[in-house]
Amino acid sequence: MNNPETRKRWNKNHPEKVKQSKKKWNENNPAYQKQYRKDNIKKQKQYRKDNCEEQKKKNNKHYKERNLLINNYKISHGCAICGYNKCGSALCFHHEGDDKEFSIASMKTCNWERVNKEIKKCVILCSNCHAELHEQEKRM
Ligand SMILES: [Zn+2]
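So this is what it looks like as structure tokens:
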């Protein structure tokens with residue numbers, strides 16, 4: 022049994038026994054087991070960390086693209102009251118009715134169909150007109 026070739030062949034023919042002896046060896050070497058688990062956890066943590074960065078980058082790209090799309094939409098329409106259309110960030114979606122499902126700003130990265138449907142319910146207003154409108158509503 023000391024011949025490595027013979028041992029290999031024996032191992033191949035007795036997988037159950039190999040499994041058992043490995044288990045026994047592991048039981049007799051808890052320190053090795055512990056270290057192995059520790060290394061594994063470390064590896065998994067690192068993997069998650071790396072992928073998280075990757076995911077963040079992807080999300081960031083998606084967010085930027087969506088932001089641009091929404092900004093372009095706002096600018097192309099301009100403020101419904103005063104016609105302002107210089108800066109997308111200064112324009113917002115104003116829900117006229119009570120059919121608001123969600124705020125566009127908080128759902129920017131959602132399914133575009135859904136966002137688009139919500140956008141269609143809104144009028145574009147600049148910050149000034151939007152604030153004036155809400156001020157009037159408060160007074161009413
Ligand atoms: Zn305006």
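To get our numbering, take the position in the sequence shown, counting from 1, and add 21. Heads up, the beta-carbon is just placed ideally off N, CA and C, and yes, glycines get one too.
Cutoff 6 Å; reference N106; Cβ partners in own chain excluding five residues on either side: I96 and G99
Does N24 get closer than 8 Å to chain D when you measure Cβ to Cβ? The structure shown has no chain D; it contains just one protein chain.
Confirm the yes/no value for this check: CB of Y105, any heavy atom of ligand 1, distance under 7 Å. yes
According to DSSP, what are the bridge partners of H98? BP columns for H98 are empty, so no partner.
Roughly how many whole angstroms lie between the Cα atoms of K85 and K142? 23 Å
Quick check: what's the CA-CA separation for K45 versus D60? Distance between the alpha carbons of K45 and D60: 21 Å.
7 Å CB neighbourhood of G104 in its chain, flanking five on each side removed: Closer than 7 Å at Cβ, skipping near neighbours: no residue.
Rounded separation between E74 and H115 - CA only: Taking the CA atoms as reference points, E74 sits about 35 Å from H115.
From the DSSP secondary-structure annotation, give me the bridge partner or partners of F123. According to DSSP, which records beta bridges pairwise, F123 is partnered with nothing at all.
Check each candidate in R30, I91, K78 and E158 and name the one with the smallest Cα separation from E134. Nearest Cα to E134 within the set R30, I91, K78 and E158: I91.
Using 8 Å as the threshold, is the C-beta distance between N47 and Q54 below it? Contact: yes.
Are I140 and Y94 close, meaning C-beta to C-beta below 8 Å? yes
Any heavy atom of ligand 1 within a distance shorter than 7 Å of the CB on I96? no
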